[in-house]
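Residue numbers (the working numbering), protein chains in the order written: chain A, 1 to 144; chain B, 1 to 331. Where a beta carbon is used, it is the ideal one built from N, C-alpha and C, also for glycine. These numbers come from a predicted model, not from an experiment. Reading through the structure tokens given below for one structure.
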Amino acid sequence: MNLADATHARETLADFSHTTALRLIDAGVPSPLDLDALGAALRDALDASELLRISLDRGAAATRPLIEAMETLLRAVLTTSPQLQRAELDVLQHLLVERTEATISQHDASRVSALRSRAMRASVELHGGLAAAYRSLFETEVES
Amino acid sequence: MRIQHPNTTLESAAFSKRLDALGLRPDENGNIDPGALAKLRGSVPAEALTKGVLTHADTVELRRPMTFLESFTGRDASISAKSSNAVKSLAMSVDGLGGAMRSFAKELKYKLSVDAGEIEAVTRRVHHVHKGLVDQQLQHLGTADPAAVGALVQSLDKLASTSSEYLVTLSALRSAVLKVEGGFLTRVAQSNVLDGLFEATKQVEALQTLSQELIGATVTGSRAAAKANDIGGGRLSKAELEELSGVMERIAKERGIPLNDLAEKAEQVIDKAAVSARALELIALVQQGSGSRSGEAASGYGMLVVVALEAHAAKFPDAKSFRAHEIACPA
């Protein structure tokens, strides 16, 4: 990969991460949650994390804008996670405390649980990728 | 090139309003004003540091290492002028930063230990309720004290918000560290700061994972279902998750294989299948120039996972590789 390609790839990944962060925030606004949109955005968050890892493993240098974009994405994931858990707990609350139907079905509760699990995975992956990215950035800057 | 997502909510009215409010409306080419994005990025740390779980004293404490780092910027200018006094001064500042970080880490550990204590208390309560769920089956759970369950739900909800906000704060701190310009010693100091922040992150994540497992077990009422949900969540359909859960439960009971071992094996198979399926999807995405996604639609490989798990338990490992090959090379 030449320098121009590497720069382009980093900019594209940073852009992808920002777009995904905005989609995550947007999908968390409606009540009930837009599970389809959240699911797709969380998958993209996982992809962004994986792409970051792959590019670092191949020796690409991290940049400040790229790291900042990934941190923004991580914050969006972390903001989404409690919302998903709240929806999940809502089912428990209705079933065991209020003895009534929850606002979301048990089928949706299963989906929410799956999405929460995905958000947790994305959070862990992003943290791991960011740790490597920071190291890459500072090593590059110290060497130069 | 910009990655487009035509099937997402990017074009929804609600999202358009949010874009307008944030000054982030894309131009006709889909480009967003970099200045507006920068403003958005800058707004996140400030918000994270001032709202919710952290008190004002916490915020001051958390800001201290940043202040030290920020002071480095000016001192590096002295270094470039080769001033020996400035070098000594900087060395003292590095020591000062180390001391501040040790103090900061101590405070952080204290806070984490408080959270850990809270989680432990919640764990005991969840286990108590969970035992009731398993023993009596969810539909027969008429004896659980509603007030206790209600309090538990609130505790878990608070815990999730607290730990997430904590992680957001750590992320904001890292971003602040990132903005400090400087030379070699500054980089060393920054690395030390970041190591501390990432260490704290790992601890909070471990607590979150525990909390997640507990909630999964509580809501689903079954350890096997919780495991299936954790390893297949978001990748398998509801029916597939139920089947996977049933298979794991049966095999664990019939053969005495630990549930964790079964779950680990199932996760390996799911990962393998997921990588293949996702790779095909991404290739199609690139080739078509389209962001069309199937959302939560199951891609069908969940059944293969169940078959592979059955086969593994029956000591027919070849079946697993056969199915994996079939996934990677669809007709």
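Counting the other Cβ atoms within 10 Å of the Cβ of threonine 20 of chain A gives 16 or more, which makes it buried.
Taking all protein chains shown into account, aspartate 57 of chain A has fewer than 16 neighbouring C-beta atoms within 10 Å of its C-beta and is therefore exposed. Its Cα nearest to that of valine 112 of chain A, the residue A:Leu42 stands out among A:Leu42, A:Arg23, A:Thr63, A:Leu13. Cβ atoms of alanine 62 of chain A and serine 117 of chain A stay farther apart than 8 Å, at about 28 Å. The Cβ-Cβ distance between leucine 259 of chain B and alanine 224 of chain B falls below 9 Å. Nearest C-alpha to glutamate 71 of chain A among A:Ala132, A:Glu139, A:Pro32, A:Arg86: A:Ala132. Along the stretch 63-77 of chain A, the positions whose C-beta sits under 7 Å from a C-beta of chain B are Arg64, Ile67, Glu68, Glu71, Thr72, Leu74, Arg75, read in chain order.
Under the three-state reduction of DSSP, serine 136 of chain A is assigned to helix. Taken through DSSP and simplified to helix, strand or coil, valine 29 of chain A comes out as coil. Using a Cβ-Cβ cut-off of 9 Å, proline 32 of chain A does not count as an interface residue toward chain B, since no Cβ of chain B sits closer than that to its own.
About 5 Å separates the beta carbon of threonine 201 of chain B from that of leucine 170 of chain B, a gap short enough to meet the 8 Å contact definition. Taken in chain order, the members of the stretch 236-260 of chain B whose beta-carbon sits within less than 9 Å of a beta-carbon on chain A are Leu236, Lys238, Leu241, Glu242.
Taken through DSSP and simplified to helix, strand or coil, glycine 129 of chain A comes out as helix.
Apart from the 5 residues on each side of it in sequence, glycine 39 of chain A sits with its Cβ closer than 7 Å to the Cβ of Leu115 in its chain, given in chain order. Taking the Cα positions, leucine 173 of chain B is about 31 Å away from isoleucine 231 of chain B.
Using a Cβ distance threshold of 9 Å, alanine 45 of chain A and aspartate 34 of chain A do not count as a contacting pair. Counting only residues of its own chain and dropping the five nearest sequence neighbours on each side, methionine 248 of chain B has a CB closer than 8 Å to the CB of Ala224, Lys227, Ala228, Leu259, Leu262, Ala263, Ala266, Leu309. Not a single C-beta of chain B is nearer than 9 Å to the C-beta of leucine 56 of chain A.
Neighbours of glutamate 205 of chain B across chain A, judged by C-beta separation under 9 Å: Met120, Ser123, Val124, His127. At a cut-off of 9 Å between beta-carbon atoms, alanine 224 of chain B makes no contact with chain A. Residues of chain A with a Cβ closer than 8 Å to the Cβ of alanine 160 of chain B are, in chain order, Ser81, Pro82, Gln85, Arg86. Rounded to whole angstroms, the separation of the alpha carbons of valine 91 of chain A and arginine 64 of chain A is 42 Å.
DSSP places glycine 246 of chain B in the helix class (H, G or I) of the three-state scheme.
Looking at the backbone, the Cα of leucine 51 of chain A and that of glutamate 125 of chain A are separated by about 11 Å. Arginine 23 of chain A and alanine 37 of chain A have their C-alpha atoms spaced approximately 8 Å apart.
Against chain B, the CB of leucine 89 of chain A has a partner CB under 9 Å away; the residue lies at that interface. Of the other Cβ atoms in all chains shown, fewer than 16 fall within 10 Å of the Cβ of glutamate 199 of chain B; this residue is therefore exposed.
By the beta-carbon neighbour count (other beta carbons within 10 angstroms, threshold 16), proline 32 of chain A is exposed.
Taking a 10 Å sphere around the C-beta of arginine 255 of chain B, we find fewer than 16 other C-beta atoms and assign the residue as exposed. The three-state secondary structure of alanine 62 of chain A, taken from DSSP, is coil.
Here leucine 84 of chain A really is in contact with alanine 119 of chain A; their C-beta atoms are around 6 Å apart, less than 8 Å. By the C-beta density criterion, glycine 129 of chain A is buried, having at least 16 other C-beta atoms within 10 angstroms. Proximity of arginine 53 of chain A to chain B, defined by a Cβ-Cβ separation below 9 Å, is not satisfied.
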